[in-house]
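> This is the structure I want to talk about, given as C-alpha cells.
In our numbering, the protein residues as written are 31 to 222.
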C-alpha cells in the first residue's frame, strides 16, 4: 500500500480508536423479533475501542495500524485524556495499560494477516481474532509482571485477569464479528 494511503489510514485509525474508547458497544434483536417495546439495545459490556484497532488493521495494513496505535499511546501518555480513565504517564501503573500497550502489536498482527491472505470474510475474522488474542497476551504478560515487580497490590491477580481478559471477551468477540463483516464489505467496495 502506498505511504500516503497508509498515513491516511493511520490518522483514521487514531481518530476511530479515540472515539471508540468512549462509545459502548451494543446489539439489537432482529426486526422480526421486536415486541411491543420496539427496538431494544443490549450492551455488550465493552466499547468499540478494540474494534477500531482491528478495523484499521484490516483496512490500512500492518504499518498504518501500528502507527495509529503508537500515536494513540503517545497522546494518552502525554496528558491528553484519550484513555478511558484519563491520561498521563501515571497510566503506566494501571492494570489495564498492558492491554493498551498490546494494541500496537495486536493491530500490526491483524494488518499483517489481513493482507497476507485473500480477502474473504473468514480471513478477515481470523485476522481480527489474531489481533485480539495478541492484545490479550500482551495485557496478561503486563499484568503478571506488574504483580511480580510492584509489591502490595490490593486486588488479587486472578480478579484482574477476570476483569480485563475473561469478562470482556464475549463482547469483544461480538465486536470482532462486526468488524470482520464491515472490513470485508469495505474492502470489496474499495476494490482491495
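Even glycine gets a Cβ: it sits at the ideal position worked out from N, Cα and C.
Computed from a predicted model, the values in this text were never measured in an experiment.
Considering just the uninterrupted stretch of the beta strand (DSSP E) at residue 69, what are its terminal residues?
Neither: residue 69 is in no beta strand (DSSP E) and is coded neither H nor E.
> Quick one: any contact between the region 154-161 and the region 107-120, if contact means 3 or more CB pairs under 8 Å?
no
> For the putative contact between residue 78 and residue 55, defined by C-beta atoms under 8 Å, what is the C-beta separation to the nearest angstrom?
5 Å
> Report yes if the C-beta distance between residue 165 and residue 136 is below 8 Å; otherwise report no.
Against a cut-off of 8 Å, the Cβ pair of residue 136 and residue 165 comes out as a contact.
> What did DSSP end up calling residue 215 once you bin it into helix, strand or coil?
helix
> Please give the ranges of any alpha helix (DSSP H) in the region 100-150, keeping only runs that are unbroken, at least 4 residues long and fully inside the region.
127-131 and 133-144
> According to DSSP, is residue 14 helix, strand or coil?
No information on residue 14 is available, as it lies outside the stretch 31 to 222 that the chain covers here.
> Which residues in the same chain have their Cβ closer than 7 Å to the Cβ of residue 201, if we skip the five residues on either side of it in sequence?
So the qualifying residues of the chain are 55, 74, 75 and 76.
> Buried or exposed, going by whether 16 or more other CB atoms sit within 10 Å of the CB of residue 33?
exposed
> Check the C-beta distance from residue 129 over to residue 194 and give it rounded, since I have them as a contact under 8 Å.
6 Å
> One question on the structure: do residue 86 and residue 98 come within less than 8 Å of each other, judged by their Cβ atoms?
yes
> Under the three-state reduction of DSSP, which class applies to residue 54: helix, strand or coil?
strand
> Would you decide whether residue 220 is buried or exposed? Buried here means 16 or more other CB atoms lie within 10 Å of its CB.
exposed
> In three-state DSSP terms, what is residue 165?
helix
> Throw me the rounded Cβ distance for the residue 151 and residue 211 pair, which I believe falls under 8 Å.
7 Å
> Buried or exposed: where does residue 172 fall if 16 or more other Cβ atoms within 10 Å of its Cβ makes it buried?
buried
> With a Cβ-Cβ cutoff of 8 Å, do residue 213 and residue 31 count as a contact?
no
> Which residues share a DSSP beta bridge with residue 77?
54
> Do you know how far the Cα of residue 44 is from the Cα of residue 105?
10 Å
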